[in-house]
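Quick note: the sequence shown uses UniProt numbering, first residue 1, plus one each step.
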Amino acid sequence: MQEDDNAWKSLLPVSRNPSGDPAEVSVSYGDYFCAICSFLEKDRFEMMAWAASQRIREEIRPEQLEKIDVYLEKHGEFYHPARIEILANGYHLAFVVNIAISDAGKDCIKKEYRLLKQLNNNFPYLFLPKIYDQTDVRINSSLTVPMFIGEWFEGYNEFHLSYDQADKKNKIRVWDTDHDHFFLSPAQAKDLYKQAAMILAAYYDIETFEQIYPWHHAAGDFVVKLHENNDIELKLITVRQYTSLVKNDNPDTESVLQAMLLFLLNLSIRMRLDRLDGVGDIVWADDIAAEGTLNGFFMAMTTRFPESLVAGFRKYLLSCTETDLADLSEAIVNTYDPMAPEVPVIKKHLKKHAAALHHAITHS
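Structure representation (structure tokens):
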């Protein structure tokens with residue numbers, strides 16, 4: 001896009017689901033690209049050179065930045081992410097710049113930058129993007145937009161439940177931007193849910209009960225990569241909050257086990273939610289999501305915690321009847337915003353979900 005293109009002065013949609021109501025702010029595509037370029041040029045490209053150096057663990061000087069291309073990727077629920085491709089000293093590198101234009105996006109972007117930094121420092125995992133810098137850029141006298149630059153997960157794509165005409169059912173469809181979109185096989189879909197649960201459980205704090213929440217498949221929070229052997233690999237690209245959902249004044253063994261159970265149940269419910277094709281009606285995934293969630297949860301637990309604790313929780317979980325799981329799940333859903341669009345869908349499927357989860361628990 002060039003400055004003399006008609007689109008340069010066209011206005012960005014504020015979110016991925018335009019309502020038709022007047023936009024809360026007016027930002028053109030030209031404003032958007034100029035703001036990002038201002039960020040990348042910060043301190044005569046010192047910031048960009050430092051970020052490149054961090055990526056390849058080799059010093060890159062500003063004068064070695066040979067080319068920088070900026071691509072608007074999508075209009076997200078909270079951000080308008082841009083992919084930044086650079087050529088530096090022979091290296092081809094990609095980054096993401098998340099820019100918040102809407103009030104909702106501005107409310108969370110600085111907190112997200114802090115949380116990504118905190119979790120990357122406190123946990124030894126590579127599931128979250130590395131981040132490098134943040135700033136505020138003034139677009140005009142009345143509007144300043146916050147943004148931050150981070151790692152771009154090359155080869156990873158958004159995915160959503162979509163109706164497969166061939167199989168006459170909803171299946172996970174990967175939005176492969178370089179090739180054709182494609183559906184995952186049942187085994188790949190089960191592994192996707194397993195990895196998503198494993199990632200979220202890996203960041204669960206057993207002492208404070210803090211967790212990454214909320215998160216949404218509908219917002220494209222996870223991205224997936226298909227390897228040549230058809231194995232998949234998942235990453236989590238956003239962290240809006242990291243907090244405890246239950247009180248933990250004096251955690252003892254019983255309260256730790258109860259909190260783990262509530263975490264697992266809430267995780268299993270949220271894992272099954274999506275919007276059809278990312279923007280349509282709320283839809284509910286099939287039972288492989290419940291089994292995959294359980295497997296991913298225990299994969300993280302066995303990696304992080306003593307065998308005695310994991311065995312104790314398995315025993316605790318096996319003591320729960322299907323009715324126990326259904327009642328606890330209903331209590332969890334009753335804490336959700338009653339006006340949230342997913343609540344009627346959850347309530348419609350909750351009893352069968354408890355049965356599917358109980359079956360997975362007793363047959364694992």
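All C-beta atoms, glycine included, are put in the ideal place defined by N, C-alpha and C.
Remark: fewer than three beta-carbon pairs, one from each stretch, lie closer than 8 Å, so the segment 234-253 and the segment 160-168 are not flagged as touching. In summary, VAL224 is buried, with 16 or more beta-carbon neighbours lying within 10 Å of its beta-carbon over all protein chains present. Listed in chain order, the non-local C-beta contacts of TYR204 below 7 Å within the same chain comprise GLN211, PHE263, local neighbours out to five positions each way being set aside.
In this structure, GLU73 keeps its C-beta atom at 8 Å or more from the C-beta atom of PRO62. Assignment of TRP50 by DSSP, reduced to helix, strand and coil, places it in the helix class. Per DSSP, the beta bridge partners of GLU233 are LYS225. Around TRP284, the same chain offers ARG272, VAL345, HIS349 as residues with beta carbons nearer than 6 Å, after the five sequence neighbours per side are excluded. Each of GLN258, ASN121, ILE237 was checked against the Cα of LEU325, and the nearest Cα belongs to GLN258. The beta-bridge partner set that DSSP reports for TRP284 consists of LEU273.
The C-alpha of GLY155 lies about 19 Å from the C-alpha of HIS80. The shortest CA-to-CA distance from ALA51 to any of ILE149, PHE182, PRO251 is the one to ILE149.
Annotation for ALA88: the continuous beta strand (DSSP E) segment containing it runs 82-88. In terms of Cα proximity to SER142, the closest of ASN230, VAL174, LEU226, VAL27 is VAL27.
When DSSP states are grouped into helix, strand and coil, LYS171 belongs to the strand group.
GLY220 counts as buried, since no fewer than 16 other beta carbons sit within 10 angstroms of its beta carbon. Measuring C-alpha to C-alpha distances from ASP281 to each of THR323, ALA289, HIS217 identifies HIS217 as the nearest. Counting the other CB atoms within 10 Å of its CB gives LEU317 a total of 16 or more, which places it among the buried residues. Close CB contacts of PHE123 within its chain, under the 8 Å cut and outside five residues either way in sequence, are with ALA202, TYR203 (chain order). For the 8 Å CB-CB criterion, HIS353 and ASP277 do not form a contact. Beta-bridge pairing by DSSP links TYR193 to no other residue. PRO344: member of the alpha helix (DSSP H) spanning 343-362, first to last residue. Distances from the CA of VAL310 to each of MET299, ASP286, GLY90 were compared; the closest alpha carbon is that of MET299. Beyond the five residues adjoining it in sequence on each side, ASP287 comes within less than 7 Å, by CB distance, of ALA356 in the same chain, given in chain order. In the displayed model, MET147 falls within a strand according to three-state DSSP.
The secondary-structure analysis by DSSP pairs SER162 across a beta bridge with LYS171. Residue pairing for VAL96: DSSP places it in a beta bridge opposite ARG83, GLY150.
Separation of ASP69 and MET198 (C-alpha to C-alpha, rounded to the nearest whole angstrom) is 35 Å.
In this structure, DSSP gives THR177 a state outside helix and strand, which the three-state scheme calls coil.
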